[in-house]
Amino acid sequence: MWFTKFQFMKKSFLTPGPSELYFTVEDHLKTALKENICEVSHRSKIFQQTFLHTVNELRTLLNLPQNFHVVFTASATEVWERIIENLSAKHTYHLVNGSFSSKFYEFAVQLQRQALKYQVPENQGFDLEKINPPAETELICLTHNETSTGVSMPIADIDAIRKKYPEALIALDMVSSAPYPELNWESIDTAFFSVQKCFGLPAGLGVWIFNEKCVAKAQALQQSGQSLGTYHSIPSLLSNAVKNETPETPNVLGIYLLGKVAEDMNRRGAAVIRQDTNYKAALLYSVLEKSNVFKPAVKEKKFRSQTVVVAEAAPENIKKILEEAEKQHIIIGTGYGKLKDTQIRIANFPTHSKEVIEKVANMIQNFS
Ligand SMILES: *Cc1c(COP(=O)(O)O)cnc(C)c1O
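Heads up, the sequence shown is in our numbering, so the first residue is 1398 and it goes up one at a time.
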């Protein structure tokens, strides 16, 4: 039919999620179908092996200590809710600098916690001196990479918060950066991501990581009579995870593909992925700094995200570059929410090749 040609025109998605699929996904999908992955029972040996494989590959990739558990949810959005339900009775504290960190805070408010926030404007990072959770704080919620504005938290700042507040649990949203950041896991009690960002997978799977301190907190809350939710409470997830199973019929294909892509990434090595990410980000920031039209939206270099590069410009130029890119079959992300007309967001995930990032850098450089 006449439209077939357009329908199947391959495009590069440099959008910050969903994004371009990791380049090995197509082959893994075919293998999954051949191996009946979408048909087997989630109580079968094949599923248990798949679950264990994915968890082990993630442990290697993230350099995760043994005292952390890995479980699967429907999304990162779900994990926001689960963390509030399972790891706090009353007092949560949130760093907010954009739409995603704000939603984490809003969830705590909706779940009737006494949630406090330290908020800074979009495209800005946090002043360590002003992070002051009160003594009764049970849970500190951080966002490593604020996807809506391209602001990242320096790892050293996360470590400093832990040093200053050793009692509270620390939760880290790393949805649009994992597996890029090299974390010190002693500084974090729980972390999470979904797979359609840096892992280059179809959406519909969340990964939730938590340590023994979180397990103890959830148990204590449960014993005090608090509801932790139902099937995806920490005790329920954990009692299934020890058997390499999930409470519900999960996204088996998603779990399978995540294991395969994590294995591919391990073959490449986390260090090489970090190096490539830094190289591509440096290229983008360097042309943005020299441009007369576009500017990096995040002014302070130490807060600039390496995985979501955000630029600002006049609305007519934003519109023009998005169109120019599309002519070359490259889809660049628009600004988020109210920043839609004045910013662009360029995803720089492990799947994005140096070639495509160089193309975009040239486009910015030669823009007139
Ligand atoms: C995308 C995103 C989320 C939400 O992920 P879902 O898969 O839509 O639930 C949460 N936090 C950040 C930082 C994100 O970028």
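No residue lacks a Cβ here, since even glycine has one placed at the ideal position from N, Cα and C.
Values in this document were obtained by computation on a predicted structure and should not be read as measured data.
query	result
Going by beta-carbon coordinates alone, are alanine 1565 and isoleucine 1537 separated by less than 9 Å?	yes
Among the residues of its own chain, which have a CB less than 7 Å from the CB of lysine 1737, if the five just before and after it don't count?	Thr1731
Residue range of the alpha helix (DSSP H) that alanine 1613 falls in?	1609 to 1620
Looking at phenylalanine 1691 and valine 1572, is the spacing between their C-beta atoms short of 9 Å?	no
If I follow the unbroken beta strand (DSSP E) through lysine 1514, where does it start and stop?	1511 to 1516
When you compare the CB positions of valine 1604 and phenylalanine 1504, do they come within less than 9 Å of one another, or not?	no
Measuring straight from C-alpha to C-alpha, what distance separates proline 1576 and leucine 1618?	31 Å
Using three-state DSSP, classify glutamate 1543 as helix, strand or coil.	strand
With a threshold of 8 Å (Cβ to nearest heavy atom), would lysine 1514 be considered close to ligand 1?	no
Kindly list the residues whose CB is nearer than 6 Å to the CB of methionine 1406, restricted to its own chain and excluding five residues on each side of it in sequence; keep chain order.	none
Is the segment 1708 to 1716 close to the segment 1680 to 1695, with three or more CB pairs under 8 Å?	yes
How is proline 1644 classed by DSSP in three states: helix, strand or coil?	coil
Please find out if some non-hydrogen atom of ligand 1 comes closer than 8 Å to the beta-carbon of glutamine 1703.	no
Would you grab the beta carbon distance between valine 1493 and serine 1499 for me? Rounded to a whole angstrom, and I think it's under 8 Å.	5 Å
Specify, as a first and last residue, the run of the alpha helix (DSSP H) that glutamine 1738 falls within.	Inspection of the sequence shows that residue 1738 is occupied by aspartate rather than by glutamine. Note, aspartate 1738: premise wrong, no alpha helix (DSSP H); not H, not E.
Is proline 1578 buried or exposed, if buried means 16 or more other CB atoms sit within 10 Å of its CB?	buried
Around the Cβ of glycine 1597, are there at least 16 other Cβ atoms within 10 angstroms (buried) or fewer (exposed)?	buried
Return yes when the Cβ of phenylalanine 1410 is within less than 9 Å of the Cβ of isoleucine 1728, no when it is not.	yes
Considering phenylalanine 1590, what are the terminal residues of the beta strand (DSSP E) in which it resides?	1587 to 1591
Quick one: what's got a C-beta closer than 8 Å to serine 1472's C-beta in the same chain, skipping five residues either side?	Ser1591, Ala1600, Gly1601, Leu1602 and Gly1603
Just to confirm, are threonine 1534 and tyrosine 1562 a CB contact at a threshold of 9 Å?	yes
To the nearest angstrom, how far is it from the Cα of valine 1437 to the Cα of isoleucine 1443?	7 Å
Compare the Cα-Cα distances from glutamine 1507 to each of Gln1521, Asp1524 and Ile1481 and report the closest residue.	Ile1481
What is the residue span of the beta strand (DSSP E) that threonine 1470 lies within?	1465 to 1470
Start and end of the beta strand (DSSP E) containing serine 1574?	Unbroken run through serine 1574: none, as it is neither H nor E.
Is glutamine 1593 near ligand 3, with its Cβ less than 8 Å from a heavy atom?	Looking for ligand 3 in the displayed structure turns up nothing; the ligands present are ligand 1.
Look at the alpha carbon of leucine 1654 and the alpha carbon of isoleucine 1670, and state the distance between them as a whole number of angstroms.	19 Å
Following a CB-centred definition, is proline 1413 positioned closer than 8 Å to any heavy atom of ligand 1?	yes
Return the first residue and the last residue of the beta strand (DSSP E) that alanine 1600 is part of.	It is not in any beta strand (DSSP E) - alanine 1600 carries neither H nor E in the DSSP assignment.
Taking 8 Å as the cut-off, is the C-beta of valine 1706 nearer than that to any heavy atom in ligand 1?	no
Using beta-carbon positions only, say whether valine 1705 and proline 1413 come within less than 9 Å of one another.	yes
Does the Cβ of aspartate 1424 have 16 or more other Cβ atoms within 10 Å, making it buried, or fewer, making it exposed?	exposed
Measuring only the C-alpha atoms, how far is leucine 1461 from leucine 1455?	8 Å
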